[in-house]
Structure formats: structure tokens, C-alpha cells
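The block underneath contains the structure these notes are about, expressed in C-alpha cells.
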Amino acid sequence: MKKNCWQKLNRPILALAPMAGITDSSFRLLCKKFGADIVYTEMVSAAGLCYGGQKTLSYLKFNKKEQPVILQLFGSKPEQFAKAAQIVEQAGFTGIDINFGCPAKKVVQNESGATLMNNLDKAYKIIEATCNATSLPVSIKMRNSKGTTTAYDFVNKVKDLPIAAIMIHGRSFEQGFSGDASWDQIKKVRKIYKGILLANGGIYSPQAARQVISKLDIDGLGLAQGVQGRPWLFKEIKDLLKKETWSLSRDRVSSYDWPKIKKIILEHAKLTMKGKNNLIEMRKHLLWYVKNQPNAKELRQKLVKVETISDLKLILKNS
Ligand SMILES: Cc1cc2nc3c(=O)[nH]c(=O)nc-3n(C[C@H](O)[C@H](O)[C@H](O)COP(=O)(O)O)c2cc1C
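Letter by letter, the sequence shown follows residues -9 to 309 in this note's numbering.
Right, here's the structure in full:
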């Protein structure tokens, strides 16, 4: 019998969706602090884990306070998923997710990610091999469609497997990462899949979150670009969900002003420095944090050069 951490979470579940280069341990921890119920790592190569490459193995590190953490795998070979699943289980993760939605060229060319939406027999074998190799709950993430294959076709094919949770990115492969998400596939999938179902795509405000939760029969949401430079969105959504009444205009104002944001930036930087020697990888986050500030342009010019906490403190002090 599989353990299933998903079933124990309160609804609606707010998940930090996987983002390559972004959902590292420090960002996951920060999102957890702001109310994320479950967090995903960025996608990790199943083949890379099997070969034991140092960079790939570094993705296995996490802080216990991040739990529950789901490690997301991508790849194309069922036997590699089976081996990788055992490695992930040994590393102490709470669950394993499989990526069927990534459109990046190097992933797609390798018959991984979204390409597998057009090879349902292979996708089936990958999920089956992973489920058989581990006692961890196995979840999957896909897009609304790729070409003529829909999320419904996909789930219909694999629905007899013990899949713990499904996150559907409501955009097609062809849409990439922008444009409106559509929820038609989520509605259809709900009819044939009774497990945990999460909607993802274009949920960038507490109001949008509340609207999606109220109109769909889902267990929760996956948040990605909406939390870039705004990890507190998790808290804002939870606060809005607690209100009995709400209005689009009145509840739009965020209480996260610049002094508060500066504190969060420093906290994020300190967490980053626990695993890294410098803040270079954090620079993209810094640029997102200042996005709506009146002096954003000037700040950005300085932040792209940040390497140490003292560089950062100096810039923030003078802002
Ligand atoms: C920079 C970036 C990296 C991403 N990396 C991954 C990934 O590693 N695995 C995955 O399944 N999805 C990945 N995604 C997709 C997101 O998880 C999410 O499905 C997508 O961004 C739609 O949600 P959003 O509109 O809230 O951003 C990535 C998205 C972005 C913007």
C-alpha cells in the first residue's frame, strides 16, 4: 500500500509548482513559510540520477522544514525512472512527480517532457515503472493539450495506475507559458479521475485563485510565475479565502510594501547562502522583487551585479 501525503493536506491545497532554475531549496523554504502546503523541486533528469552526475545529485538536497517536498523527474526511459525513483525515496522526499509538460527544446528532443503526451504507451510505461519501484506517492503534471492529444486522453489512458495527484497546466504546449489558461480539460478529467486534482496556469492574484477554486471541482492550485518575486502570494490567497465576502477592487491592494519586501529579500538571500557561495543564482529573484517599485530601473542596474549579502544590504539600505 502506498503512503499518500496528498490525502492528508487541507483543501484547497496550494502547491508551489516546479520551475527549473527557480524552485530551489531556499525558494521552496520561503514559499513554505508563506503558506505553501506542498512544494515541488525543479525537474530533475532521471538519467542524470542514474548516472550519478554531481550537478544532478545536488538536486537531492533539501531542508526538512520544506516538507512535504515532491521531486519532479523528467526523462524517457521507464527503467531509468524506476532506478531514479528508488534514489529519490532514499533521499527522503515525500513524493515523486513526473513531467509530461515541459516544452524546452533539449527536453522535447530527448523524447521527454511534453513529447510524451504524443506517446501515451511510453507515458503509461514510465508511470507504471515508477509506481512499481517506490512506495512514495507518484503524481503527474501535464498540459491541457499537445497537438491533438488532450489531458483527458492522457488521463484516460493511465487512469488505472495508482496516480496520487495530477496537476494540469491549463495551457496547450503550443501556447508556452503565456496567454489565457483554459479549464475545460480539468473539468473533463475530474469526471474520470477521483484523486487529487490541481489546476495551474495564469493564477497570479488572490482574486484569480479564489475564482478558480470556486468555479472548479478541484483539490487545489499550482502556483508558478505568480510567486516569482512574490512568495507571499500563498499567504494573500489564504487570507482572501478566509474572508466571507470579498470584492475584486477592494481586495486588490497588497499589504506588502517596500520595507516589508526588503526584509523578505534579505531572508531569501540568507537562505540562499546556506547552500551556495554567492548570490549570483538569486539575481533573477532580485529583479522580480523590485518589479513594481518606482525606482525599479535604477535598482535593477545594481542588483544584476550582486554577489554577496553585504552588496545586497548596501543596495537595499540606500533604496
Ligand atoms: C521558468 C520556468 C521554469 C519551469 N520549469 C518547470 C519544470 O521544471 N517542470 C514543470 O513541470 N514545469 C515547469 N514550469 C511550468 C510551471 O510549473 C507552470 O506549469 C507554468 O509556468 C504555468 O503556471 P503559471 O502560469 O502559474 O506560471 C516552468 C515554468 C517557468 C516559467
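Glycine included, every Cβ here is placed at the ideal spot set by N, Cα and C.
Grouping DSSP H, G and I as helix and E and B as strand, with all else coil, what is residue i?
i              : result
aspartate 170  : coil
methionine 263 : helix
glutamate 288  : helix
isoleucine 193 : coil
glycine 212    : strand
isoleucine 60  : strand
lysine 131     : strand
glycine 160    : strand
methionine 9   : coil
serine 204     : helix
alanine 32     : Note on identity: in this sequence residue 32 is glutamate, with alanine being the wrong assignment. DSSP places glutamate 32 in strand when its eight states are reduced to three.
lysine -2      : helix
threonine 84   : coil
threonine 139  : strand
alanine 104    : helix
alanine 94     : coil
alanine 154    : strand
leucine 126    : coil
leucine 188    : strand
asparagine 89  : strand
Can you tell me whether residue i is buried or exposed, with buried defined as 16 or more other CB within 10 angstroms of its CB?
i              : result
leucine 276    : buried
proline 249    : exposed
valine 97      : buried
serine 48      : exposed
proline 284    : exposed
threonine 140  : buried
serine 162     : buried
asparagine 190 : buried
leucine 304    : exposed
asparagine 282 : exposed
glutamine 175  : buried
arginine 220   : buried
asparagine 267 : exposed
Name the residue from the options whose alpha carbon lies nearest to the alpha carbon of residue i.
i              : options                           : result
glutamine 62   : Gln70, Ala94, Phe24 and Thr31     : Thr31
valine 59      : Ala5, Gln76 and Ser48             : Ala5
tyrosine 246   : Leu289, Phe24 and Val78           : Phe24
isoleucine 88  : Ile254, Lys95, Leu106 and Lys178  : Leu106
threonine 138  : Lys228, Leu110 and Gly219         : Leu110
lysine 295     : Lys307, Ser309, Leu269 and Asn308 : Leu269
alanine 171    : Gly185, Ser244, Gln218 and Ile193 : Ile193
glutamine 218  : Leu39, Asp229 and Ala7            : Ala7
lysine 252     : Gly65, Ser16, Ala214 and Asn308   : Asn308
glycine 265    : Lys149, Arg18 and Ile208          : Arg18
proline 93     : Ile86, Ala75, Ile186 and Gly65    : Gly65
serine 125     : Ala104, Leu211 and Ile86          : Ile86
isoleucine 208 : Lys260, Lys181 and Pro196         : Lys181
Quick one: is the Cβ of residue i within less than 8 Å of any heavy atom of ligand 1?
i                 : result
cysteine 92       : yes
arginine 161      : yes
isoleucine 381    : Because the chain spans -9 through 309 in this model, residue 381 falls outside it and cannot be assessed.
glycine 85        : no
proline 127       : no
alanine 214       : yes
glycine 192       : yes
phenylalanine 64  : yes
asparagine 134    : no
proline 8         : yes
lysine 95         : no
methionine 33     : yes
asparagine 89     : yes
lysine 131        : yes
phenylalanine 167 : yes
alanine 155       : no
Looking at the C-beta of residue i, does it have a partner C-beta in chain C at a distance below 9 Å?
i            : result
arginine 220 : In the structure shown, chain C cannot be found, because there is only a single protein chain.
### Query
Just checking, does the segment 48 to 58 make contact with the segment 79 to 87 on the three C-beta pairs under 8 Å criterion?
Yes: at least three Cβ pairs fall under 8 Å.
### contact_flag[the segment 121 to 140, the segment 153 to 164] where n(CB pairs < 8 Å) is 3 or more
Result yes; three or more Cβ-Cβ pairs closer than 8 Å.
### Query
Should the segment 61 to 77 be regarded as contacting the segment 117 to 124, the criterion being three or more beta carbon pairs within less than 8 Å?
Short answer: they touch.
### Query
Okay, do the segment 285 to 293 and the segment 218 to 237 touch, 3+ Cβ pairs below 8 Å being the bar?
Touching, no, given that fewer than three Cβ pairs across the two stretches are closer than 8 Å.
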